[in-house]
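See structure below.
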Amino acid sequence: MNFDFTEDQHTIKRTARELLAKRSSFERVRAAAEGGAYDETLWVELCELGWPGIAISEDFGGLGLGLVELVILAEELGYAVAGSPFLSNALGGLLIDQAGSDEQRARWLPGIADGTVRATVGVVKDGAAPVVPDAASAAVIVLLDAEGGARLVEPAAVTVEPVSSIDIGRRFARVTAAEDAGEPLAGDVAAGTDRAEAVLAAELVGVAQRAMELSVAYAKDRKQFDTPIGAYQAVSHLCAQMLFDTEGARSATYFAAWSADAAPEQLPVAAAMAKAAAADASRAVTASAIQVHGGIGFTWEADLHWLYKRAQVDASLLGGARAHRARVARLAAAGVPAA
Amino acid sequence: MDLTFSESELAFRDEFRSWLQANEVPPAPEGEDEQYRHRRDWQRRLYDGGWAAVHWPREYGGRDATLVEAAIFYEEMARARAPFPANVLGLLLAGPTIMTWGTEEQKSRYLLPIMSAEEIWCQGFSEPEAGSDLAALKTRAVKDGDEWVVTGQKVWTSGAQYSKWCMLVARTDQDAPKHKGLTYFILDMEQPGVEVVPLRQITGESEFNELFISEARIPDANVLGGVGNGWKVALTTLMNERAGLAFGLQVALKVRLDELTETAAARGLLDDPVVADKLGDLHVKCEILRLTAYRGLTATMKYGQPGPEGSLTKLMWSSTNQQLMQTAVDVLGPEALLTDSPWSFDLLRSRGNTIEGGTTEILKNIVAERVLGLPRK
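Have a look at this one:
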């Protein structure tokens with residue numbers, strides 16, 4: 001029993017934190033978001049480091065590491081609210097890797113791993129997937145249906161219309177597809193979506209961590225009535241609650257990532273729990289962060305809104321907290337052990 | 340990261356499981372005195388089997404269990420629905436405090452009878468005017484020859500009516516700053532100056548007592564950790580509070596939650612999306628509690644002290660336990676509020692969870708100040 005990263009994993013986390021502090025500062029996040037385009041130099045650098053292929057087998061040009069390592073990167077990208085197609089590409093890669101045929105994997109994974117041929121994932125409802133990250137720039141789109149099936153489509157076979165969400169740091173599109181468009185992903189789709197949920201949860205944990213740190217720093221610094229506001233319990237207890245929510249979501253997320261690599265029979269419950277916990281935590285923590293900052297927190301200038309908006313949109317991708325809690329309850333009632 | 344038990348941890352678990360199978364837990368009787376005797380008899384069986392104090396060093400009769408093994412021990416106890424040993428305060432609080440601060444004489448005098456349940460211990464810390472602000476306590480001890488004469492009042496003293504000894508913190512220097520003038524004593528409860536008055540709780544039971552101390556006498560040899568050093572010694576006791584219990588409480592919570600989920604499923608209530616949402620939420624929180632407790636253990640083993648996770652598990656457990664009991668009433672309806680339903684007692688008892696062992700507000704202060712580094716008012 002050792003619930004801590006290995007030395008290598010700690011190194012990955014530290015390196016990612018340091019790199020993104022320089023390459024994805026709030027100034028750069030703002031410039032990219034307001035400019036309506038990703039910072040291409042950031043993406044090129046992430047590709048040179050091999051990040052997009054971190055969890056993809058070496059046979060397909062990836063680094064061959066596990067979901068824990070991918071989750072570490074996703075958490076740090078969330079912490080930096082980085083604008084890049086990393087997340088959508090990673091989620092698409094997980095689906096194709098888990099549910100694709102040998103042929104599909106050989107065709108798509110090498111490009112996903114080096115970032116030259118990007119993938120993404122969308123959830124179809126009534127003939128269209130309304131909010132698909134980076135669909136307009138993806139070479140291949142995984143469309144999930146309500147029955148647990150998945151199809152692989154190329155942009156030419158579907159209609160892709162750019163849409164804009166509250167998270168303007170990310171590109172989204174609406175994808176409309178005929179039911180028989182593209183080809184089916186015939187393998188274990190759930191194994192792919194479970195992993196994708198864990199990665200989304202990790203990004204949400206990173207977002208929450210950043211919002212908490214900014215709030216604590218502000219509460220130490222900002223004085224009213226000649227006292228740092230963090231000395232008032234109404235404020236300090238909000239901050240304590242942020243830690244409570246963030247650490248809880250982190251425990252669930254790391255466990256889900258670990259189980260994907262080491263105990264896959266526990267992954268379905270663990271992934272649903274991680275996504276539910278991280279969605280709730282990240283939305284609550286980023287909302288509290290605005291409250292702790294007071295009026296300044298409500299301004300465009302204060303940068304907190306990048307975190308709040310990313311938390312809101314990430315939390316709703318691949319099913320919100322309630323859908324995951326319903327799944328947890330069903331699995332618990334069916335006697336599937338949580339651990 | 341490896342969230343499986345090692346070979347030796349599994350061997351420890353299997354050994355204790357087979358012992359539990361061979362020593363089936365008898366059903367709990369009705370009545371407080373009967374329940375106390377039930378718990379004392381259970382502790383004696385644990386002691387005879389060598390399982391009473393797994394986390395104690397071998398030299399004091401324990402098993403030198405690692406933190407993970409101690410966690411496994413409490414998880415298995417809860418899974419077998421075994422009661423807490425009668426002398427739980429002695430085993431978890433008094434014993435480790437004596438090991439840290441006691442003289443050789445004190446160690447050889449007190450430790451063995453704690454383990455065998457021969458001598459039960461209670462904790463005399465809180466007072467009517469010193470709850471969260473413990474160092475404001477007023478119980479006085481005045482030196483008289485080679486004895487101390489103690490007068491004051493303690494409250495929330497669980498098990499006092501069954502106890503031989505009390506971990507007592509009293510003020511021995513009226514002039515010193517409030518944290519400096521305290522001394523930690525071992526008080527003999529069997530003397531005329533000590534009166535135990537049951538304190539009836541909202542459950543109707545009297546798990547706790549008030550302690551009226553009037554010129555009770557304590558020999559100088561029963562000072563623990565030195566005169567004027569009581570605050571530090573008391574912190575040792577408080578740090579040990581619930582360190583291991585968290586794992587038992589966590590599993591006990593899971594056992595009840597599974598029971599509720601099963602009942603709800605059998606009645607077709609999981610088709611109600613609100614019920615499914617509430618139960619799903621509890622399962623998520625329950626699992627997060629377990630995982631965070633294990634993260635805390637890893638941090639303690641690696642860095643020698645609990646990380647931020649340590650301060651969070653009590654907060655998580657208490658709020659989740661309350662939420663579980665309230666949800667049970669929502670899901671099961673009014674029959675859960677009848678006095679013969681186990682849920683009605685637990686609903687009432689759970690109100691104490693966010694007060695005992697550090698209120699939620701004090702724990703949030705601790706998290707804010709010591710983990711997040713926010714300023715004190």
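Line by line, the protein sequences give chains A and B.
Per this note's numbering, the very first residue in the first sequence carries number 1; after that it's consecutive.
Per this note's numbering, the very first residue in the second sequence carries number 340; after that it's consecutive.
Even for Gly, the Cβ is constructed at its ideal location relative to N, Cα and C.
This structure is a prediction, so every number in the text was calculated from the model and none was measured.
Residue i to residue j span [Cα, whole Å]
i, j, result
"F551(B)", "W570(B)", "22 Å"
"A339(A)", "L67(A)", "The pLDDT assigned to A339(A) is 44, lower than 50, so where the model puts this residue is not dependable, and the model offers no usable value."
"L307(A)", "A333(A)", "35 Å"
"A603(B)", "D611(B)", "10 Å"
"V15(A)", "I72(A)", "According to the sequence displayed, residue 15(A) carries Thr and not Val. Between T15(A) and I72(A), the C-alpha separation is close to 11 Å."
"Y218(A)", "T120(A)", "37 Å"
"D353(B)", "P396(B)", "21 Å"
"E247(A)", "D280(A)", "12 Å"
"L267(A)", "G429(B)", "41 Å"
"N548(B)", "V562(B)", "24 Å"
"Q589(B)", "W51(A)", "38 Å"
"D180(A)", "A99(A)", "18 Å"
"I54(A)", "F60(A)", "11 Å"
"L238(A)", "G696(B)", "21 Å"
"V494(B)", "D314(A)", "50 Å"
"E546(B)", "Y375(B)", "10 Å"
Per DSSP, cross-strand counterpart(s) of residue i
i, result
"F524(B)", "L507(B) and V562(B)"
"A129(A)", "V175(A)"
"P184(A)", "R151(A)"
"Q224(A)", "T227(A)"
"F547(B)", "L538(B)"
"W395(B)", "Partner(s): none; W395(B) has no beta bridge."
"L144(A)", "V123(A) and A150(A)"
"R479(B)", "T490(B) and R510(B)"
CB contact below 8 Å: residue i versus chain A
i, result
"D610(B)", "no"
"G394(B)", "Sequence check: residue 394(B) is His here, not Gly. No, H394(B) lies away from the interface with chain A (no Cβ there is under 8 Å from its Cβ)."
"K653(B)", "no"
"R715(B)", "yes"
"A615(B)", "yes"
"T693(B)", "no"
"I701(B)", "no"
"R709(B)", "no"
"F547(B)", "no"
"L630(B)", "yes"
"A619(B)", "In the sequence under discussion, the amino acid at residue 619(B) is Gly, which differs from the Ala named in the question. Chain A contact via Cβ: present."
"T659(B)", "no"
"I541(B)", "no"
"R356(B)", "no"
Nearest residue (CA-CA) to residue i, options the options
i, options, result
"A150(A)", "E45(A), G182(A) and R325(A)", "G182(A)"
"D126(A)", "D134(A), F86(A) and A178(A)", "A178(A)"
"A474(B)", "C461(B), P435(B), C505(B) and G520(B)", "G520(B)"
"Q492(B)", "E486(B), A469(B) and Q540(B)", "A469(B)"
"L214(A)", "V199(A), K275(A) and G297(A)", "G297(A)"
"V131(A)", "G100(A), Q312(A) and G187(A)", "Q312(A)"
"G115(A)", "D221(A), C47(A), E75(A) and V124(A)", "C47(A)"
"D226(A)", "D559(B), K716(B), P531(B) and L432(B)", "K716(B)"
"Q445(B)", "L526(B), A456(B) and P422(B)", "L526(B)"
"V216(A)", "A272(A), I290(A) and E69(A)", "I290(A)"
"R322(A)", "A33(A), A173(A) and A276(A)", "A276(A)"
"N362(B)", "R383(B), T575(B), G370(B) and T478(B)", "R383(B)"
"D514(B)", "E546(B), R479(B), S497(B) and Y523(B)", "R479(B)"
"K477(B)", "G463(B), G401(B), T693(B) and K703(B)", "G463(B)"
"A31(A)", "V160(A), V328(A) and A82(A)", "A82(A)"
Any C-beta of chain B under 8 Å from that of residue i
i, result
"V207(A)", "no"
"A339(A)", "Residue placement at A339(A) is poorly supported in this model, since its pLDDT is 44, which falls under 50; the coordinates are not used for a value here."
"Q233(A)", "yes"
"E69(A)", "no"
"H305(A)", "no"
"F225(A)", "no"
"V285(A)", "no"
Within-8 Å CB hit, residue i to chain E
i, result
"P228(A)", "Of the protein chains in the structure, A and B, none is chain E."
**Prompt:** Listed in chain order, which residues of the segment 2-32 of chain A have Cβ atoms closer than 8 Å to some Cβ of chain B?
**Reply:** For the segment 2-32 of chain A, residues whose beta-carbon sits nearer than 8 Å to a beta-carbon of chain B comprise N2, F3, D4, F5, T6 and Q9.
**Asked** Which residues, taken in chain order from the segment 591-607 of chain B, show a beta carbon closer than 7 Å to some beta carbon of chain A?
**Response** Correct list: T600 and A604.
**Request:** Using a Cβ-Cβ cut-off of less than 9 Å, list which residues of the segment 476-488 of chain B approach chain A; keep chain order.
**Result:** Listed by position along the chain: nothing, the set is empty.
**Item:** chain B contacts from the segment 309-332 of chain A (Cβ-Cβ distance under 8 Å)
**Value:** Per Cβ criterion, the list reads R322, H324, R325, A326, R327, V328, A329, R330 and A332.
**Prompt:** Any residues in the segment 517-535 of chain B with a beta carbon nearer than 7 Å to a beta carbon of chain A? Which ones, in chain order?
**Reply:** Only those residues of the segment 517-535 of chain B whose C-beta falls short of 7 Å from the nearest C-beta of chain A would be listed, and there are none.
**Message:** Along the segment 548-579 of chain B, where does the CB come closer than 9 Å to a CB of chain A? Name the residues.
**Reply:** Residues passing the 9 Å Cβ filter: none.
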